[in-house]
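Reviewing the structure listed below.
Dropping the structure here:
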């Protein structure tokens with residue numbers, strides 16, 4: 098399989114702000130991708146969608162999400178709720194060895210190219226799971242707390258950003274499907290003004306909260322699925338605020354909340370400092 102060479106997206110400050118990771122140089126990766134594609138296709142058939150795929154702000158395709166998230170008026174992080182049939186489907190997908198390989202690869206990309214971001218997310222989520230031990234991780238070998246299974250059958254995203262995701266972090270996307278990557282469903286980064294080929298089995302890390310992104314269309318008869326791992330910004334803020342919402346923080350400790358707010362600019366600088374630079378990644382293997 099081609100597309101084994103990773104490419105880094107670097108900003109004017111030498112910070113790595115995206116990774117076109119491709120796929121591992123593993124002799125069985127084609128079989129892994131085929132197994133994952135079959136699992137996603139089986140899941141779509143099990144959904145028994147009537148009247149066509151779901152239509153939502155990201156496009157017209159069926160999607161199921163699971164994992165731990167925070168938002169929408171919640172007072173503490175919770176596992177995403179699905180109807181019993183959909184919960185069974187997502188459980189089956191999470192238990193699939195090929196899906197587990199893809200998820201683990203995405204986490205390893207983050208650890209390799211953004212180790213400080215990986216470490217911050219891992220430490221914060223470990224504290225969360227200790228505080229709320231009933232929350233369950235999606236995958237043993239992935240740091241990401243949430244995943245969306247975009248079942249298609251034509252997963253082509255409209256231009257959008259995912260503003261609820263952590264803005265100082267990367268989401269992980271793996272493309273699957275039966276299409277020609279030379280002609281179909283290229284990945285579009287609108288702010289960066291880039292269009293890249295995105296073949297089945299390849300992975301990308303991108304800042305989905307602040308970088309609008311989309312896909313170009315498929316050709317007739319082609320299908321595409323994808324899986325996306327991500328972390329809601331609210332999860333990390335809930336822990337940073339002392340295991341409470343910002344509203345609860347202000348009521349319980351107005352002085353402490355004021356001090357927390359006063360450090361907002363400092364935290365932004367600290368979070369920006371978590372991004373790897375291209376230069377240090379070049380030097381790291383030699384150390």
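In this note's numbering, the protein residues as written are 98 to 384.
We put the CB at the ideal spot given by N, CA and C, even for glycine.
Starting from the C-beta of residue i, find all residues in its chain whose C-beta is less than 6 Å away, skip the five residues before and the five after it, and write them out in chain order.
i           : result
residue 162 : 177 and 245
residue 235 : 164, 191 and 244
residue 383 : Any reading at residue 383 must be qualified, since the residue scores a pLDDT of 49, below 50, and its modelled position is unreliable; the value itself is stated next. So the list is empty, once near-sequence residues are dropped.
residue 233 : none
residue 166 : 177, 243 and 329
residue 156 : 253, 254 and 255
residue 278 : 294 and 296
residue 150 : 157, 158 and 159
Note down, in chain order, each residue of its chain lying with its Cβ closer than 7 Å to the Cβ of residue i, except the 5 sequence neighbours on either side.
i           : result
residue 251 : 158, 315, 320 and 321
residue 187 : 161, 163, 179 and 246
residue 340 : 228
residue 102 : 119
residue 202 : 121 and 300
Going by DSSP, what residues sit across from residue i in a beta bridge?
i           : result
residue 283 : None; residue 283 has no bridge partner.
residue 244 : 163 and 326
residue 268 : 303
residue 115 : 106 and 303
residue 292 : 285
residue 249 : 159
residue 274 : 321
residue 374 : 112
residue 257 : 310
Considering only residues of the same chain and omitting the five flanking positions on each side of residue i, which have a CB-CB separation below 8 Å?
i           : result
residue 259 : 268, 305, 306 and 327
residue 134 : 273, 274, 275, 297 and 322
residue 378 : 105, 113 and 210
Under 8 Å by Cβ, that's how I've got residue i and residue j pegged, so tell me the actual separation to the nearest angstrom.
i           : j           : result
residue 229 : residue 336 : Residue 229 to residue 336, Cβ: 10 Å. No contact.
residue 204 : residue 241 : 6 Å
residue 386 : residue 346 : Limits of the chain in this structure are 98 at one end and 384 at the other, which puts residue 386 out of reach.
Assuming contact is defined by CB atoms lying nearer than 8 Å, are residue i and residue j in contact in what I supplied?
i           : j           : result
residue 168 : residue 261 : yes
residue 333 : residue 263 : yes
residue 215 : residue 368 : no
residue 140 : residue 273 : no
residue 291 : residue 311 : no
residue 200 : residue 239 : yes
residue 301 : residue 117 : yes
residue 289 : residue 308 : yes
residue 154 : residue 257 : yes
residue 195 : residue 237 : no
residue 285 : residue 325 : no
residue 342 : residue 172 : yes
Assess, as a yes-or-no matter, whether the region 358 to 377 is touched by the region 105 to 123 under the definition of 3 or more beta carbon pairs within less than 8 Å.
-> Yes, since at least three Cβ pairs between the region 105 to 123 and the region 358 to 377 fall closer than 8 Å, the two stretches touch.
Could you say if the region 283 to 301 and the region 122 to 140 meet the contact criterion of at least three C-beta pairs nearer than 8 Å?
-> Touching, yes.
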